[in-house]
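Have a look at the structure below, then the notes.
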Amino acid sequence: MKRILLRQPQILAYTVENNLKSHVAFSSGLGIPGSRIGQIITAAPSLFSYSVENSLKPTVRYLVEEVDIKKSDVSKVVQLSPQILVQRIDVSWNTRYNFLSEELGAPRDSIVKMVTKHPQLLHYSIEDGLLPRINFRRSIGMHNSDIMKVLTSLTQVLSLTLEENLKPKYIYLANELRNEVQSLTKYPMYLSSSLDQRICPRHRFLFSLKKAPKGPFPLSSLVPTDESFCRQWAGTSLDKSGFSSEITTQGVCQEIWESIIKY
Numbered sequence: 004m005k006r007i008l009l010r011q012p013q014i015l016a017y018t019v020e021n022n023l024k025s026h027v028a029f030s031s032g033l034g035i036p037g038s039r040i041g042q043i044i045t046a047a048p049s050l051f052s053y054s055v056e057n058s059l060k061p062t063v064r065y066l067v068e069e070v071d072i073k074k075s076d077v078s079k080v081v082q083l084s085p086q087i088l089v090q091r092i093d094v095s096w097n098t099r100y101n102f103l104s105e106e107l108g109a110p111r112d113s114i115v116k117m118v119t120k121h122p123q124l125l126h127y128s129i130e131d132g133l134l135p136r137i138n139f140r141r142s143i144g145m146h147n148s149d150i151m152k153v154l155t156s157l158t159q160v161l162s163l164t165l166e167e168n169l170k171p172k173y174i175y176l177a178n179e180l181r182n183e184v185q186s187l188t189k190y191p192m193y194l195s196s197s198l199d200q201r202i203c204p205r206h207r208f209l210f211s212l213k214k215a216p217k218g219p220f221p222l223s224s225l226v227p228t229d230e231s232f233c234r235q236w237a238g239t240s241l242d243k244s245g246f247s248s249e250i251t252t253q254g255v256c257q258e259i260w261e262s263i264i265k266y
């Protein structure tokens with residue numbers, strides 16, 4: 004409550020009947036569980052300053068009728084990004100839709116899927132956020148069609164920083180794992196995996212056991228849980244293997260990560 008009051012002190016002037024109840028009822032009507040409404044309010048306390056009938060409902064209607072978000076997905080979209088209810092959704096949608104369709108040749112249905120999976124996309128700056136990340140992928144040899152496959156599958160990679168996240172992972176992919184950039188279209192989750200907590204530890208662990216396959220390191224080994232990884236790739240149980248991402252990270256992986264950051 005303290006956090007909400009600091010960001011939206013006007014809430015003290017709102018009445019239970021005219022403001023609070025109607026906004027909570029509106030949220031419930033979208034299918035948002037009662038246990039999640041508090042988090043919605045905390046994330047976007049200014050919600051109470053917007054009229055349910057004149058602002059919030061029209062925004063939802065725009066999402067469904069103009070953006071083509073499925074009614075059944077509205078609850079998920081709002082929970083992922085409550086701020087979507089209090090922004091100029093028409094401007095946010097149109098500018099980013101036009102950018103993605105012109106820059107990448109993205110079809111409308113793909114952009115809708117991206118917004119549904121990661122509605123924060125509508126908040127990102129084009130010049131400082133979307134374009135630099137797209138251009139980085141181009142710089143490492145990805146075509147527009149490849150970029151679209153990655154973004155449609157894992158849109159949240161647009162939230163990852165370039166210098167401390169995407170670039171180090173690509174350098175490790177090419178130099179240590181000996182993978183071509185095209186492997187990212189099949190395993191986009193590589194980009195969202197932690198380099199020093201998951202990618203490097205698993206690679207170095209199999210390498211130390213001399214069980215790392217010759218040639219490109221299989222990115223599929225990054226997908227399963229630690230238990231499944233040890234059983235499937237190391238041929239032993241997690242308990243017996245001695246594998247620990249945390250222990251490994253304290254050594255060579257941390258050093259590798261730091262050296263790549265300075266690259």
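In the working numbering, the protein residues as written are 4 to 266. The C-beta atom is built at its ideal place from N, Cα and C for all residues, glycine as well. Here the structure is a predicted model, which means the values were calculated and not measured.
Identify every run of the alpha helix (DSSP H) within the segment 110 to 191, keeping only runs that are complete inside it and at least 4 residues long; order them along the chain. 111 to 120, 134 to 142, 147 to 156, 170 to 178, 186 to 189
Which word fits residue 109, buried or exposed, when buried means at least 16 other C-beta atoms lie within 10 angstroms of its C-beta? buried
Among 32, 95, 53, 47, which residue has its Cα nearest to the Cα of residue 74? 32
CA-to-CA distance, residue 44 to residue 7, given in whole angstroms: Any reading at residue 7 must be qualified, since the residue scores a pLDDT of 44, below 50, and its modelled position is unreliable; no value is offered.
By DSSP, does residue 51 sit in helix, in strand, or in coil? helix
Under a three-way DSSP split, which group does residue 85 fall into? helix
Any idea if residue 158 is buried or exposed, counting beta-carbon neighbours within 10 angstroms, 16 or more meaning buried? buried
Short check: CB of residue 125 to CB of residue 141, under 8 Å? no
Using three-state DSSP, classify residue 94 as helix, strand or coil. helix
Span of the alpha helix (DSSP H) around residue 229: 229 to 232
Check this for me: beta carbons of residue 152 and residue 188, under 8 Å apart or not? yes
Within 10 angstroms of its Cβ, does residue 16 collect 16 or more other Cβ (buried), or is it exposed? Note that residue 16 has pLDDT 47, beneath the 50 cutoff, so the model's placement of it is unreliable and the number below is only indicative. Exposed, by the Cβ-count rule.
For residue 69, which of helix, strand or coil comes out of DSSP? coil
State the Cα-Cα distance for the pair residue 139 and residue 72, rounded to the nearest angstrom. 29 Å
Does DSSP put residue 37 in a helix, in a strand, or in coil? helix
What is the DSSP secondary structure of residue 103, counted as helix, strand or coil? helix
Inter-stretch contact (C-beta, 8 Å, three-pair minimum) for the segment 102 to 117 and the segment 42 to 62: no
The alpha helix (DSSP H) with residue 220 in it runs from where to where? That residue, residue 220, is in no alpha helix (DSSP H); it is neither H nor E in DSSP.
Helix, strand or coil for residue 45 per DSSP? helix
Opening and closing residue of the alpha helix (DSSP H) in which residue 209 lies: 203 to 211
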